[in-house]
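Here's the structure, in structure tokens; my notes come after.
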Amino acid sequence: MSGLAPYLTLVGTLTLAILSPGPAIVSAIQTAMSRGRDQAMPYSLGLAFGASLWCLCALLGLAALLRVYPGLYAGLTLLGGAYLVWIGWQMWRAAPEPLPDAATGARKTFAGGVLLNLANPKPALFYAALILSVFPEPLGALRQASIYAAALTTELFWYIAVTLAMSTNAMRARYRRAKIWIDRAAGLAIIVLGVLLILDR
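Sequential numbering from 1080 applies to the sequence shown in this note's numbering.
Take a look at the structure:
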């Protein structure tokens, strides 16, 4: 492939991966509905940036390092899975609590979004496989920078779009009517994904 074709393949494949059920997108949706746009947007930007860091790691060879040292990968997935289980449990436990005032509620920050996406090292391997298949030729610094820019732009676009869509008044009104069930479903989903990450070492 030449020209724009490999970038379109990268963006299309990455889009499917971002929108498939995972801890980051589940957390972005729940935060947008529960906290509103002002609080959810920095968190979602952190999620997008955190995800893009795995692309950068893949470009810089971390994925190859994880393959050479499987113990390192196992340790990272164990820690990441435990963190996801803890996040999911906190969400489940807080489900019956009323919505806090926007000014006083615990904030989900940009750094929190970055940390959540860095808790799962699998995207490093996903990015490595995707980049190797779409860009099989040796990559210079400019080419690597353009790949990272495409990945970051795609991550930002979808996390921003999801946050805007899920923080509308209509969506938030539906959330308020079913808060306990939505939060528990989201918490359970993140717990399950964390356990699967631990078991799939």
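Here a beta-carbon is modelled for each residue, glycine too, at the ideal position from N, C-alpha and C.
Candidates Leu1087, Ser1113 and Gly1129: which alpha carbon is nearest proline 1175's?
-> With respect to the C-alpha of proline 1175, the residue from Leu1087, Ser1113 and Gly1129 having the closest C-alpha is Ser1113.
In the DSSP assignment, find the unbroken alpha helix (DSSP H) run with glycine 1154 in it and report its ends.
-> 1149-1173
Identify whether asparagine 1279 lies in helix, strand or coil by the three-state DSSP scheme.
-> The residue asked about is misnamed: residue 1279 is aspartate in this sequence, not asparagine. Correct three-state label for aspartate 1279: coil.
Inter-residue spacing [alpha-carbon to alpha-carbon] between valine 1271 and leucine 1158 = 15 Å
How about leucine 1151 and glutamine 1223: do their beta carbons lie closer than 9 Å?
-> The criterion of a C-beta distance shorter than 9 Å is not satisfied by leucine 1151 and glutamine 1223.
Can you tell me the Cβ-Cβ gap for threonine 1126 and leucine 1195, rounded? I've got them flagged as a contact below 8 Å.
-> In the sequence on display, residue 1126 carries leucine and not threonine. Yes, leucine 1126 and leucine 1195 are in contact; Cβ-Cβ is about 6 Å, under 8 Å.
Taking lysine 1187 as the reference, give the member of Tyr1254, Gln1109, Met1245 and Leu1221 with the closest Cα.
-> Gln1109
Buried versus exposed, by CB contacts within 10 Å (16 or more), glutamate 1234 | buried
Beta-carbon spacing of valine 1193, leucine 1141 below 9 Å = no
Whether leucine 1135 touches tyrosine 1238 by CB criterion (9 Å) | no
Distance, Cα to Cα, arginine 1116 vs serine 1106?
-> 14 Å
Look up glutamate 1234 in the DSSP assignment and say whether it is helix, strand or coil.
-> Helix.
For tyrosine 1162, which residues of its own chain have a beta-carbon under 7 Å away from its beta-carbon, when the five flanking residues on both sides are left out?
-> Ala1198
Please classify proline 1149: is it buried, with 16 or more other beta-carbons within 10 angstroms of its beta-carbon, or exposed?
-> So proline 1149 ends up on the exposed side.
Alpha carbon to alpha carbon, how far is alanine 1181 from valine 1090?
-> Its pLDDT being 47, under 50, alanine 1181 is placed unreliably by the model, and the measurement read from it follows with that caveat. Computed Cα separation, rounded: 35 Å.
Can you list the alpha helix (DSSP H) stretches of 4 or more residues lying completely in the segment 1197-1280, in chain order?
-> 1201-1213, 1220-1245, 1248-1256 and 1258-1278
Buried or exposed: which applies to alanine 1111, given that a residue is buried once 16 or more other Cβ atoms fall within 10 Å of its Cβ?
-> buried
So, helix, strand or coil for proline 1177, using DSSP?
-> coil
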